[in-house]
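To keep things clear, I will list the structure first and then write my remarks on it.
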Amino acid sequence: MPIVSITRIVRFNAAHRVYNPAWDDARNASTFGKCNNPNWHGHNYVLEVTVEGEVDPETGFVVNLADVKRVAERELVDVIDHKNLNLDVPFMTGTIPTTENLVLACWRILAPAVAPARLAKLKLWETENQYVEYTGR
Ligand code: NI
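Heads up: take any position in the sequence shown, counting from 1, add 14, and you land on our numbering.
What follows is the structure, encoded as structure tokens:
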């Protein structure tokens, strides 16, 4: 059976400060640049959620995208949007809130939640010039 992928986009904004608490201020500033600003700053994140699977002959869908949207909004957007990644988001506690770590956390949450479709890729934009991708490997 052919495998088709389908993508839903969700958006959220959040504040963060990227720093390693084990390092001194100078090393944090030189490594993380603007994202190390002590008084926080925000990003308008865009998350592309791609699922894949066989096309169900009864619906013509791989999965109902409305279900993917609902799960992504409940599990991610409602938890992250207008929050501080360092302080407010339980699943980011103890991790440096880079886009890389955020996409890994999003994967852990979404992968079991999109069944029967299979989560194929997450693409997380931090700025319009920069994104990370993860495919579960
Ligand atoms: Ni930043």
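For glycine and all other residues, C-beta sits at the position ideal for the given N, C-alpha and C.
Going by the beta-carbon positions, is the gap between residue i and residue j smaller than 8 Å?
{"i": "N100", "j": "R31", "result": "yes"}
{"i": "V146", "j": "T113", "result": "yes"}
{"i": "E140", "j": "Y33", "result": "no"}
{"i": "V24", "j": "L90", "result": "yes"}
{"i": "E66", "j": "I17", "result": "yes"}
{"i": "M15", "j": "E68", "result": "yes"}
{"i": "N98", "j": "W37", "result": "no"}
Tell me, which residues are paired with residue i by DSSP?
{"i": "S44", "result": "Its beta-bridge partners do not exist; DSSP assigns none."}
{"i": "E152", "result": "Here the chain comprises residues numbered 15 to 151, so residue 152 is not present and cannot be evaluated."}
To the nearest angstrom, how far is the alpha carbon of residue i from that of residue j?
{"i": "Y148", "j": "A134", "result": "9 Å"}
{"i": "R132", "j": "C49", "result": "33 Å"}
{"i": "A80", "j": "K137", "result": "19 Å"}
{"i": "K83", "j": "N143", "result": "24 Å"}
{"i": "V128", "j": "V63", "result": "10 Å"}
{"i": "A29", "j": "I94", "result": "9 Å"}
{"i": "T45", "j": "D92", "result": "31 Å"}
{"i": "V85", "j": "C120", "result": "12 Å"}
{"i": "D102", "j": "P130", "result": "31 Å"}
{"i": "H57", "j": "N42", "result": "19 Å"}
{"i": "T21", "j": "P52", "result": "35 Å"}
Identify the continuous beta strand (DSSP E) that holds residue i and give its terminal residues.
{"i": "A134", "result": "132 to 141"}
{"i": "A14", "result": "Absent from the model: residue 14. The displayed extent of the chain is 15 to 151, so no value can be given."}
For the ligand GDP, any of its heavy atoms closer than 7 Å to the Cβ of residue i?
{"i": "V32", "result": "With respect to small molecules bound, the structure shown includes the ligand NI and not the ligand GDP."}
How far does the alpha helix (DSSP H) with residue i in it reach, from first residue to last?
{"i": "T113", "result": "113 to 124"}
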